[in-house]
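**Q**
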Amino acid sequence: MIPAQPYLPWKVSISILHLIAALSSALRVEYRRRTRRLWWDDYASIVSAIFGCFSIAIIWLRLGRFDDSDHSRRLKVALSYLNQMCFGFTIWWSRISLALAVVRITPVWSKTRPWVIGFTCAFILIFVTHVVGIPVTCAVNTTWQHVKGDILICAPSYGVTVASLIS
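Count the sequence shown with UniProt numbering and you get residues 1 to 167, in order.
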């Protein structure tokens, strides 16, 4: 088993990486705004960057020390749900942004354009099913909420895990 590690290096490292991602998205959007070339892929990257910033705050809260009270347990459960939602929004809106960028560069006359648009719509549907499916699965199976520890993690069901892997 891995020995316990201090949380501060993890907090700082994760914060720096999230900030770099958010700043690069902001620079991209500002450049596209100045050159008057904003499109849907840029707006999708803004959504991803915003939820990435929310992730920083949630991670700092999750990696804090908690006592064994019922209030602390409920806070850890709420932070787990918020972390899953922010992670899902960050990952899937990044993917949707990339798919929209492919739509953007695909010529209108191309026979592959409908397929590219279809895959983008599929990404949006998969995003919705994941954002709804994982919290519902964690709400139905509540055994993870009563585990002793500083960080509570809901492990999704086998079906949700397989669907996430495939998508």
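Every residue gets a Cβ at the ideal spot worked out from N, C-alpha and C, and that includes glycine.
Note that this is a predicted model, so its numbers are computed, not measured.
Can you tell which of Ile50, Gly64 and Arg95 has the C-alpha that lies nearest to the C-alpha of cysteine 86?
**A** Of Ile50, Gly64 and Arg95, the residue nearest in Cα terms is Ile50.
**Q** Fully enclosed by the stretch 99 to 163, which alpha helix (DSSP H) runs are 4 residues long or longer?
**A** Complete alpha helix (DSSP H) runs here, min 4: 113 to 140.
**Q** If contact is defined by three or more beta carbon pairs under 8 Å, each pair taking one atom from either stretch, is the stretch 26 to 37 in contact with the stretch 70 to 86?
**A** Verdict: no, contact absent.
**Q** Going by CA-CA distance only, name the one from Leu27, Ile14, Ile166 and Asp42 that's closest to leucine 61.
**A** Here the closest residue by C-alpha is Ile14.
**Q** Go ahead and label isoleucine 153 buried or exposed: buried means 16 or more other beta carbons lie within 10 angstroms of its beta carbon, across all protein chains shown.
**A** Exposed: under 16 other Cβ atoms inside 10 Å.
**Q** Sorted by chain position, which residues of the same chain lie with C-beta nearer than 6 Å to valine 102's C-beta, five sequence neighbours on each side aside?
**A** The answer, listed in chain order, is Val116.
**Q** Counting C-beta neighbours from all protein chains within 10 Å, is the total for alanine 44 16 or more, i.e. buried, or is it exposed?
**A** Buried.
**Q** Can you tell me which of the three DSSP states serine 69 falls into?
**A** Here serine 69 sits in coil by DSSP.
**Q** Hey, out of Phe119, Asn83 and Pro114, whose CA is closest to isoleucine 96's CA?
**A** Among Phe119, Asn83 and Pro114, the Cα nearest to that of isoleucine 96 belongs to Phe119.
**Q** Measuring alpha carbon to alpha carbon, tell me which of Arg73, Ile20 and Asp67 ends up nearest isoleucine 56.
**A** Among Arg73, Ile20 and Asp67, the Cα nearest to that of isoleucine 56 belongs to Ile20.
**Q** Can you tell me which of Asp150, Ser94 and Phe89 puts its alpha carbon nearest to the alpha carbon of valine 132?
**A** Checked all of Asp150, Ser94 and Phe89; the closest Cα to valine 132 is Phe89.
**Q** Whole-angstrom Cβ separation of alanine 22 and glycine 52, contact assumed at under 8 Å?
**A** With 8 Å as the limit, alanine 22 and glycine 52 qualify as a contact, their Cβ atoms being about 5 Å apart.
**Q** Starting from the Cα of arginine 104, find the closest Cα among Gln84, Trp40 and Ser48 and give me that residue.
**A** The shortest C-alpha separation from arginine 104 is found at Trp40.
**Q** May I have the straight-line CA-CA distance separating valine 108 from serine 69, to the nearest angstrom?
**A** Computed Cα separation, rounded: 59 Å.
**Q** Give a yes or no on whether the C-beta atoms belonging to isoleucine 46 and serine 25 are separated by under 8 Å.
**A** It is a contact, given that the beta carbons lie within the stated cut-off.
**Q** Assuming serine 164 contacts serine 94 under a Cβ cut-off of 8 Å, what Cβ separation, rounded to an integer in Å, is found between them?
**A** At roughly 15 Å, the Cβ-Cβ gap does not stay under 8 Å, so serine 164 and serine 94 are not in contact.
**Q** Flag this pair as yes or no: are the beta carbons of leucine 75 and tyrosine 7 separated by less than 8 Å?
**A** Not closer than 8 Å, so no.
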